[in-house]
Structure formats: C-alpha cells, structure tokens
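For the sequence shown, this note's numbering gives the first residue as 6, with consecutive numbering after it.
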Amino acid sequence: MATNNMHNLTTLIKRLEAATLRLEDIASSTIDLPQAVPSLSTTQPTPSATPAPGASAPTSTPPAAQDPLPESIEDFDLFITESVNNYANLSGKIGGPVAEQAKLLSKGFQLQRQFLLMTTKAKKPDMNGSDQSLWQDLLKPMSEVIMSVQGIKDANRGSEFFNHLSTTAEAVMVLAWVTVEPKPFKHVDVCMDSAQLFGNKVRMQYKEKDPQHVQWVASLQQMCYEEHAVSTVGFPGAAACATRPLGWRTASSSPSSTGPAPALKIKEQGAASTPAVTGINAVFSELNKGEAVTKGLRKVDKSEMTHKNPSLRAGSTVPEREGSVSSRGKSPAPGKKPKPESMRVKKPPKKELDGNKWYIENFEQQPEPIEIEANMSHSILISKCSGTTIRIHGKANAVTIENTSRVSLIIDSLVSTVDVVKSQNFGLQVMGTLPTVLMDQIDSAQVFFSRESASTRIFTSKSSNINVNVIGADDDYKELPLPSQMCHYYDEAKGELVNEIVEHAG
C-alpha cells in the first residue's frame, strides 16, 4: 500500500514539473496568439527528422516583438517630416549661418523625438532625488543644440541675416518645454512671441525684395505652432511618462522605436477585445450609427410627462428615474444678481484699528467729522461710506477709499498714496505733503492741494469731472480741470502712436 502511494506521489510530481515547464515555455514567448498564427504556415520538423541524441540541434531565436509606436509619436514624426523639413529646406536655400542653424534645430527635434518616445516607456523619474543626474544627462543633448544655435547668432552679429539668426535663436528655446510643468505650452507661447518679434523684422526687410525670406518666416512660425500643439495635446506634461516599471536608465539605452518586450499576454483569437474609441473618433463613431444611435434611449412613460400631468407642473418636479446610471445631473441654477445698494441690509458703522490698519466702514450722513490719530505705520481703509467727512491727523502711510459717495477726506501728510476706486462726488484736501493720488472709476472729484503739495502726481483712469485746486500767486485757489477726452492716431513719419489731449477753446 505504501509503495502504491509513493508511486502516485512520484507521478504527481512529474506531472507538476511537466506543467511548470510548459508554463515557462509560454512565458518565454512574448508574442500574442493572433500574431503567432502566420508562423504555422512555416515548415514544421517531422519526427523522422529528429536529430540523434548525441547531436546538438541548432536553436533559432524567435525575433523580438515590437511595440507599435504610440499615436503621439507618429504625429511627431509627421510634424518632423512636414514642418521641420520644410523649414530646413527653405533655410538651405538662404544658406550660410541660417542653414547651419536649421541643421542644428532639425537635430534638436530628432533628439526631442527620442526623449518623448522614452517618456512613453518609462515611469516618471525623481528629478530632485536619485535620478537628478540621469535627468540632466538625458536633457544634455537638447541643451547643447540650444547653445550651439544661439552661439551661431552671437558669432555672426555683423551678418546681413542677423534678424534671421535671432529669430531661430529664440525659436530653438521651444525644445525646453519638456522641462516645464504643469503647463508646458505656456513656455512655447513665450518662445513664439519672442521669435515673432524678429520674424516681423525679416518680413519688413524682405517683403519687397525677396518673398522667399517671408516664406521662411512663415515656415518657422508654422513649426512653432505645431510644436505648441504637441505640447498641448500629445504630451501635456513634461514628464508624461507611462506607468510601466521600466526605469529611465533602461529606456534611455534603447531610444529606437522598438521598446522592451511587453508583459505576458495570453489571448484567444475569438476573445480579442476592440479598444475603446475615445476623443473625436468617438464622436464620429456615434454619428455614423445613423438612426441606431437612438436605440439606447428609454421611452418616457406617460406618468412622467408634464404636459399630461398637471400635478407634475404644479410641483415643478419630475420623478427621478431609478436604476439609471447615465441619467443627467441637474443643471446648476443661474447665479443671483447682486441686490441694489438700497435693498441691502445695513451693516453697523465701524471705526477700528486692527494692528496697523484702520477700518472706517458703513458711515452714512454723519453730522460731525470722523477723526483718527495716525502714525507712519498706519494705513487707512475707507469703504461703503456716504455723506461723511473724515479727518486724519498726523502722517499716515497710505489711504484707500472704495465704493463711497459724497465722502470728503482731509489729511495732514502721507508717506505713500491716496488710492480712490469706484467713488462719486469725492473731495480731498491736503494740508501738508502727498506724493501720489490714484483715481480709478471716479465720477466727479474736487482736490485741494496746499502750497507744499502742489507738485503731487495724479494718475487717473476711467474717470471724469475731476478738478484740481492749487494755491496761486495771490494766495487764492486756482481751479484746474483734468482732461477727460483724448485723441489717438498713428504718425507714419514718426512710426509711433500719438496721444493728444482734446482742448475745447471758446
């Protein structure tokens, strides 16, 4: 009995070993079943052709499986083939240092293509930790291209094509978007604007002499536009890396289009799943269904129709469907408009010193002036007051006034400014000195300066009916209205925009 049990155990172990060897053979093959089907048509060895036990049969290594290129890399290849090559060809026709820069820039885009392919295979590195030196090594080739392109510009400052060289020297900086997070396309925008500045100079210089140079500028701008699209759509993050456990060091050692063998995939020919359609392709896929697109809709029951159930209209609600995962959520209610000032709840007046800041708020129709003692560290905020006079004694730091009506401010001196925003019928009297007055969205104001503050600078925007009063030679105030109407026109002779004050003499 014991002998039979031992025999059964030995047989079971052998079967397990055979199964293990079979699984190892399957695991060593990284080719999916649908891809391996064509190999069945090749000649298979027959039992009669089995070599003798002593002879060593030649072993043939199956070719390594190739990962298909990601769609983003295919788009980048198309970008190089069309836009970059077009720019390089036009640069070659111009020749000289312009062509040299174009060759380097084309090389830079090839290096960037290798880098982007790497990001689709490797996980994100620790750029501030152990992977910092590797990260710098990966970026070094593109950095050298940038320095070389800019070096050509610096070495040819006396060239007739210096504006061309400057345009390319600014455009080459788009290669650095791979180091910018989280919005690399903004870096591309800055580079495009800088390149366009010099590109416009080339256009102005050659639009009458040689249209080929104008085409060259257009090709470079088109290249930058498409690089912007790459950074926005194809690779929205600088390290948009895959989640594979492949390190950057491994990925950087083989930058070709053939990546490492994929993980074990055992698929059935009949169970091949169709990849989900996303993006714009999903939209067209739905449109191509025609009438079939409405087959998934549920027929509305009469009990849920508001036009047939007055009780539903009275309640302004519709019974919510149960068990529907795809039902739409309720749309957000429109935002409420702010109430008019007259309908708002009146808040109590407030005059408070909090730290170094005075708050004067919600005072209305005060018969007596509101007085405060301030020093050079104090700033004053006056808000939502009307029909009030405020007297500030001492030399304060700054005063801010907002949303007031018929407020009069009397100050001794200030270190900084009086800033008035969204106020009507404002009055200011300066007894001492004041460097600056800022007025934004002011309707009617009277400003009285002392002799010491007559040189105060006044900045206005979106304001009207402002009068400044200064002390004249006879010690009497002289009223000077600030202009509120301007005339603007372009002077071709000067090549600049001219702004003039409109004066009404009469």
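Think of the CB as a built atom: it goes at the ideal place given N, C-alpha and C, for glycine as much as any other residue.
Look at the alpha carbon of residue i and the alpha carbon of residue j, and state the distance between them as a whole number of angstroms.
i	j	result
Ile385	Asn470	25 Å
Cys196	Ala181	10 Å
Leu439	Arg396	15 Å
Asp448	Leu485	16 Å
Leu95	Leu170	14 Å
Val177	Val235	15 Å
Gln274	Lys19	Its pLDDT being 41, under 50, Gln274 is placed unreliably in this model, and the value from its coordinates should be taken loosely. Answer to the nearest angstrom: the Cα atoms are 31 Å apart.
Asn161	Thr172	13 Å
Gly204	Asn168	7 Å
Asn380	Asn402	7 Å
Asn474	Ala200	50 Å
Trp140	Leu502	48 Å
Leu144	Ser224	26 Å
Ser382	Ile415	18 Å
Ala127	Gly360	54 Å
Leu21	Asp82	50 Å
For residue i, which of helix, strand or coil comes out of DSSP?
i	result
Ser391	strand
Met491	strand
Lys214	coil
Ala266	Its pLDDT being 40, under 50, Ala266 is placed unreliably by the model, and the measurement read from it follows with that caveat. Ala266 falls in the coil class under three-state DSSP.
Gln446	strand
Glu79	helix
Asn94	helix
Glu186	coil
Ala459	coil
Glu508	coil
Glu87	helix
Arg411	strand
Glu231	helix
Pro102	helix
Val503	strand
Glu357	strand
Ala107	helix
Glu22	helix
Ser384	strand
Lys206	helix
Asp424	strand
Asp417	strand
Ala403	strand
Gly477	coil
Leu439	coil
Val452	strand
Leu225	helix
Asp496	strand
Ser199	helix
Leu180	helix
Checking 7 Å against the spacing of the C-beta atoms, do residue i and residue j come in under that value?
i	j	result
Gln429	Ser410	yes
Ser388	Asn408	yes
Ser111	Glu231	no
Ser153	Leu109	yes
Val222	Arg208	yes
Glu376	Gly399	no
Ile151	Glu105	no
Gly516	Gln451	Because the chain is modelled from 6 through 511, residue 516 falls outside the range shown and cannot be assessed.
Ile78	Leu122	yes
Ile406	Val435	no
Thr125	Phe190	no
Met444	Ser413	no
Pro73	Leu116	no
In chain order, what residues of the same chain lie with their CB nearer than 8 Å to the CB of residue i, ignoring the 5 residues before and after it?
i	result
Asp194	His233
Leu559	Residue coverage of the chain in this structure runs from 6 to 511, which leaves residue 559 outside it and unanswerable.
Asn504	Met491, Cys492, His493
Phe166	Ile99, Gly101, Pro102, Val103
Gln370	Ser391, Gly392, Thr393
Val219	Val207, Arg208, Tyr211, Lys212
Thr441	Ser421, Thr422, Val423, Thr461, Arg462, Ile463, Phe464
Ser329	Reliability of the predicted coordinates at Ser329 is poor, the pLDDT of 47 falling under 50, and the value obtained from them is presented with this limitation in mind. Same-chain partners within the cutoff: Arg303.
Tyr495	Glu501, Leu502, Val503
I'd like the list of long-range same chain contacts for residue i, defined as Cβ closer than 6 Å, with 5 residues on each side in sequence excluded.
i	result
Pro354	Asn367, Phe368
Gln155	Ala174
Lys352	Asn367
Val404	Ile385, Val423
Glu76	none
Ser418	Lys400, Gly437, Thr438
Ile506	Pro488
Lys356	Ile365
Asn91	Ser224
Ser458	Val435, Thr438, Leu439
> Which parts of the stretch 115-172 are runs of the beta strand (DSSP E), unbroken and 3 residues or longer, counting only runs that do not cross its ends?
Replying inline: none
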